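Scroll down for the structure; my scribbles are underneath it.
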């Protein structure tokens, strides 16, 4: 399984979009430990949303979509809906 996920920074409210083979909660835990430069600076994070895919190519396409102009707007709408 492949996952596309959103992790919200509790420090500044920014939303990190990622893709992983790992359990999404495990991946967010890694971000909170500072495994990459961007997440190290913006931690702590909480998992706010994820999608599951069987196909790697689909997960890559979806992650890329969420990083486009319209995709960012969709991401914000999803976060608002799931943060209620």
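Numbering (the working numbering), first residue to last: 68 to 151. Here a beta-carbon is modelled for each residue, glycine too, at the ideal position from N, C-alpha and C. No experiment lies behind these values; they were computed from the predicted model shown.
{"Query": "Tell me which same chain residues have a C-beta within less than 8 Å of the C-beta of residue 101, skipping the five on either side of it?", "Result": "107, 110"}
{"Query": "In chain order, what residues of the same chain have a beta carbon less than 8 Å from the beta carbon of residue 115, not counting five sequence neighbours either side?", "Result": "73, 74, 75, 82, 146, 149, 150"}
{"Query": "Compare the beta carbon distance of residue 112 and residue 95 with 8 Å and say whether it is the shorter of the two.", "Result": "yes"}
{"Query": "Taking just the CA atoms, how far does residue 78 sit from residue 125?", "Result": "31 Å"}
{"Query": "Using DSSP with H/G/I as helix, E/B as strand and the rest coil, what is residue 113?", "Result": "strand"}
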